[in-house]
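Sequence positions in the sequence shown follow the working numbering and run -10 to 195.
Here is the structure we will look at, set down as structure tokens.
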Amino acid sequence: TLSAPKPQPDGSPDPRTPEQICAAAFETIVELAAQGLADTTFSAKPTNGLLWTWSADNPALGGDLQNMGAITEATAKLLSCDTTITKIMLDPNGVPLSVGEAKRFFTPGQRKALLVRDRGCIKCGAHAGRCQGHHLHHWADGGPTDLDNGCLLCTSCHDDVHHHGWDIIMGFDRHPWLIPPASIDTKRRPVPSYHRRTMRLDDTAA
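Following this line, the structure appears as structure tokens:
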């Protein structure tokens, strides 16, 4: 269930408090209700768009999200992984100086390909209908929107990657691998994605 603890990829207990687990579950419920997902084909184009304004004088502050207020750059990247986002740079008087292109989400075909390869969240195994497309190398930093630069993450695991030290790399096998933070593994050894950690012999054809 959504409120159940989720062990870490190495089998260690869920480090979140009961309150954090419940908050993450509530966030997932609200997100699914907003998306109106009745199934988990994970092939539809995201319908939500974001307007992000930021200061030309101090872009490192992150800026403001429409109707939400101040956000960090890391949060902006999390939110824009799999939706459209329009960046507007403001001068000190709040006058727009430039408008960035609204982009960049995975196409329906790419989303189907991510589903076939990852099957669900690569960290915890959550069902694909609860997942978002994540850019391993963010498009804002020049990363492409393609299968080799994408993976599926549920909302809470997506937050772990953007805010709590988890990294993801693409292996030579063209599957995503998780890199835990040093607080979990001091050597930061790569861990296979969830369905490859739990793969059975009759799954190998996939």
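The beta-carbon is built from N, C-alpha and C at its ideal position, and this holds for glycine as well.
A quick note: this is a predicted structure, and the numbers were derived from the prediction, not measured.
For tryptophan 166 versus isoleucine 173, is the C-beta distance shorter than 8 Å? For tryptophan 166 and isoleucine 173, no; Cβs fall outside 8 Å.
With which residues is cysteine 143 paired in a DSSP beta bridge? Looking at the DSSP assignment, cysteine 143 forms a beta bridge with Cys120.
Identify whether glycine 0 lies in helix, strand or coil by the three-state DSSP scheme. Residue state, collapsed to three classes: coil.
Please determine, among His184, Val150, Thr175, Ile168, the residue with the shortest C-alpha to C-alpha distance to alanine 63. Measuring from the Cα of alanine 63, the nearest candidate turns out to be Val150.
Does the Cβ of lysine -5 have 16 or more other Cβ atoms within 10 Å, making it buried, or fewer, making it exposed? Buried, since its Cβ has 16 or more Cβ neighbours within 10 Å.
Got a sec, what are the start and stop residues for the alpha helix (DSSP H) proline 133 sits in? That residue, proline 133, is in no alpha helix (DSSP H); it is neither H nor E in DSSP.
Buried/exposed call for glutamine 121, threshold 16 Cβ in 10 Å: Classification of glutamine 121: buried, given that the 10 Å Cβ count is 16 or more.
Cα separation between threonine 29 and histidine 184? Reliability of the predicted coordinates at threonine 29 is poor, the pLDDT of 48 falling under 50, and the value obtained from them is presented with this limitation in mind. The alpha-carbon atoms of threonine 29 and histidine 184 are separated by roughly 16 Å.
Count the other CB atoms within 10 Å of the CB of glycine 0; is the residue buried (16 or more) or exposed (fewer)? Glycine 0 comes out exposed.
Between leucine 142 and alanine 102, which are expected to be in contact by the criterion C-beta below 8 Å, what is the C-beta distance as a whole number of angstroms? Wrong, their Cβ atoms sit about 16 Å apart, outside the cutoff.
DSSP bridge partner residues for isoleucine 157 (one or two, in chain order): In DSSP, isoleucine 157 forms a bridge with Leu167.
Go through its chain and collect everything with a Cβ distance to proline 214's Cβ below 7 Å, but skip five positions before and after it. Limits of the chain in this structure are -10 at one end and 195 at the other, which puts residue 214 out of reach.
For the alpha helix (DSSP H) holding glycine 102, just list the boundary residues, first then last. Inspection of the sequence shows that residue 102 is occupied by alanine rather than by glycine. Start and end: 97 to 107.
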